[in-house]
Amino acid sequence: MKKEGVLKAFSAFAGILQVAFYLNLGMALPNMSAKTALNPVSVIREKGETISETENPVFSYSEEEFRMLACVVQAEVRGGSREHKQLVAEVVLNRVESNLFPDTISGVLTQQGQFSSIVNYYRTRYEPDNDTLLAVKAALEREKDSTGGALYFYAPRYTGENTASWFEEKLIFLFEREEVCFGQVYTHRFFKS
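Numbers in our numbering are just positions in the sequence shown, counted from 1, shifted up by 32.
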């Protein structure tokens, strides 16, 4: 009985490794950064042209951090407009600039209890689409923060009452972004300290 369970577990793990190698992805293990062969910047296309690199980055970042941010934004705002996606990316970048949070994109995204959607980077459920890649690129090249200094956001549709009341009572409300995605209304509320 135990032998069958071990074989099933090994079989499942081997299958995951095969998919990872097939897709040319890295595997993230505890205390090790994930490696990825994907060059997310080079796959961005706009009007038929390939953008080979971020031309004027305001933030220092690695290809891995670009991919992490794109995966988080895709999970948070899939189906939303490019502008909505850029707002979410800018919150992450505002945190990088803030003394209240880690000073790297990866540090902000992996900070305990902050972005549960980081799981989309480690086990991609929603592959970043072209609009998401362009939104992240635009956020990284931004000349001016378009969020008014937002450091927090939440989606009321997916947030419990206790968490929502913390945002509403402890933070300063800035604005709300509402869009129809997949035939349903999706909202994000943005805040600062």
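Where is the CB? At the ideal position from N, CA and C, for every residue including glycine.
Would you mind working out which of the options sits nearest residue i, comparing C-alpha positions?
| i | options | result |
| --- | --- | --- |
| C213 | F91, H116, Y93 and M100 | H116 |
| E175 | E122, N162, V128 and K224 | E122 |
| R157 | V128, Q118, R110 and L166 | R110 |
| L172 | F223, E129, Y190 and K224 | E129 |
| F205 | M100, F147, S225 and L119 | S225 |
| D135 | T191, L203, R209 and Y93 | Y93 |
| S148 | L119, C103, A170 and K169 | C103 |
| L203 | V124, F223 and A170 | F223 |
| E95 | K169, E210 and R209 | K169 |
How many Å lie between residue i and residue j at the Cα?
| i | j | result |
| --- | --- | --- |
| G112 | P160 | 12 Å |
| F207 | R155 | 31 Å |
| V140 | G215 | 32 Å |
| P188 | A196 | 7 Å |
| E201 | F133 | 20 Å |
| R77 | R221 | Because the pLDDT at R77 is just 45, under 50, the model does not fix this residue reliably, and the value given afterwards should be weighed accordingly. C-alpha separation (whole angstroms): 30 Å. |
| F91 | Y186 | 24 Å |
| G80 | N162 | The predicted model places G80 with a pLDDT of 46, which falls under 50 and marks its position as unreliable; any figure quoted below should be read in that light. Whole-angstrom Cα-Cα distance: 12 Å. |
| I150 | Q144 | 10 Å |
| T68 | L101 | Confidence in T68 is poor, its pLDDT being 29 and thus under 50, which makes the residue's placement unreliable; the coordinate value appears in the next sentence. Spanning the two alpha carbons is a distance of roughly 14 Å. |
| A60 | D177 | For A60, the predicted model reports a pLDDT of 37, less than 50, meaning its position is unreliable; a value from the coordinates is still stated below. Roughly 31 Å separates the two Cα atoms. |
| T191 | L119 | 19 Å |
| R209 | V124 | 16 Å |
| Q146 | E211 | 23 Å |
Are the CB atoms of residue j and residue i within a distance shorter than 8 Å?
| i | j | result |
| --- | --- | --- |
| T142 | V105 | no |
| N152 | A107 | yes |
| R99 | A167 | no |
Can you give the beta carbon distance from residue i to residue j, rounded, assuming they're within the 8 Å contact cut?
| i | j | result |
| --- | --- | --- |
| Y218 | F199 | Between F199 and Y218 the Cβ distance is about 17 Å, and since that is not below 8 Å, they are no contact. |
| T179 | N131 | Contact doesn't hold; Cβ gap of about 18 Å is too wide. |
| I137 | E193 | In fact, because the Cβ distance is near 31 Å, the residues do not count as touching under 8 Å. |
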